[in-house]
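Structure first, commentary second.
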Amino acid sequence: MWKFIVRRLFITLPQVILLSVLIFLMAQMMPGDALSGLIDPNIDPAAIEQQRENLGLNNPWYVQYTDWITGALQGDLGQSFRYKMPVTELVEQRLINTFWLSVATLLITYIIAIPLGITSGRYNDSWADQMITGYTYIGFATPLFIFALVMLWVFGYQLGWFPTGGSVAPGLEPGSFDYVLSKLQHLLLPAISMALITTVNTVQYLRSEIIDTKQKDFIITARAKGASESRVYNRHILRNSLLPIAAFFGFEITGLIGGTVFVENIFGYPGMGDLFIQSILLRDYSVVTAVVLLFGIASILGALISDIILSLVDPRIRIK
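Just so we're aligned, residue 6 is where the sequence shown starts under this note's numbering, counting upward by one.
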């Protein structure tokens, strides 16, 4: 088991290095630089050029990359030219919000998806299966940003059940019960909005696996031996059908990263997705590269976690 994990880590490390190089090169190819639009055009061009020289913006790309990645490994992601603060501190503030939003979304997703998928797969072609399948078809056809806007309008503005912006009510003392409750209230509506759309993939995947497993020879044999229906489902069908859901976990994380970019902007939730969009609009390159790098690493780690979980559940897939 440990050999498998070590091998996967050795594969992951080159992926992260390649990712960092690609992100830096794409940032370099963007028009302008970190000083574009920040300096009064009436200032002497020689002074502007000197400032670029002092910041290292005229160095070759590989020198700039080396300086950037060396600082990143030491926890220094540079300085935000727009927010006038270290990128590390800025990202840390937003990362906490996005982390809890992602955790809440994952929990709600699996709480909804697993019972629906099991019901739909076990009682396929029933009225319950038709209703669940209809829900998944609607979910597949509905863009996340449209659904989030509808949820915000209905439950935020019309019914007033949830806050319509921010991550916590102002004036509350951090750590107090009211503060935690306010955080939860601000978190729920964005998390539920994402979960109701992202859950449809897991429901359909689990339904298909259960229906396919029910037709396998070992299930027919178990029934022929007189095993009870509950035992057949719990010990054979369900156990084997849940294996691919573990592998799907990494894709859930990747989907959440894309979802937070839309949802956080729609709900005015101050997380990494909102910071990413604002930094692009403000041409804050140091923040953009840092956020994209963290998003990419999260996707790679999600795939790694999926492989490890799947190897724990089913040792047959471990690499020899």
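Heads up, the beta-carbon is just placed ideally off N, CA and C, and yes, glycines get one too.
By the neighbour-count criterion, in which 16 or more other beta carbons inside 10 Å mark a residue as buried, residue 86 falls on the buried side. When Cβ pairs closer than 8 Å are counted between the two stretches, the stretch 162 to 171 is seen to touch the stretch 266 to 284, the count reaching three or more.
With the rule of 3 Cβ pairs closer than 8 Å, the stretch 221 to 231 does not count as touching the stretch 133 to 149. Counted as a single uninterrupted DSSP element, the stretch harbouring residue 288 is not any alpha helix (DSSP H), since DSSP gives it neither H nor E. For residue 157, there is no enclosing alpha helix (DSSP H), as DSSP marks it with neither H nor E. Under the criterion of beta carbons closer than 8 Å, residue 257 and residue 23 do not qualify as touching, at roughly 23 Å. As the crow flies, the alpha-carbon of residue 289 is around 25 Å from that of residue 107. For residue 121, same chain residues with a beta-carbon under 6 Å away, outside a window of 5 residues either side, are 137 and 208 in chain order. In this structure, DSSP gives residue 220 a state outside helix and strand, which the three-state scheme calls coil.
For residue 145, the enclosing alpha helix (DSSP H) begins and ends at 132 to 146. Distances from the CA of residue 302 to each of 8, 11, 12 and 27 were compared; the closest alpha carbon is that of 27. Residue 201 is positioned such that its CB atom lies no closer than 9 Å to that of residue 109.
Considering only 67, 294 and 312, the residue with the shortest C-alpha distance to residue 31 is 294. In this structure, the alpha-carbon of residue 309 lies about 7 Å from that of residue 13.
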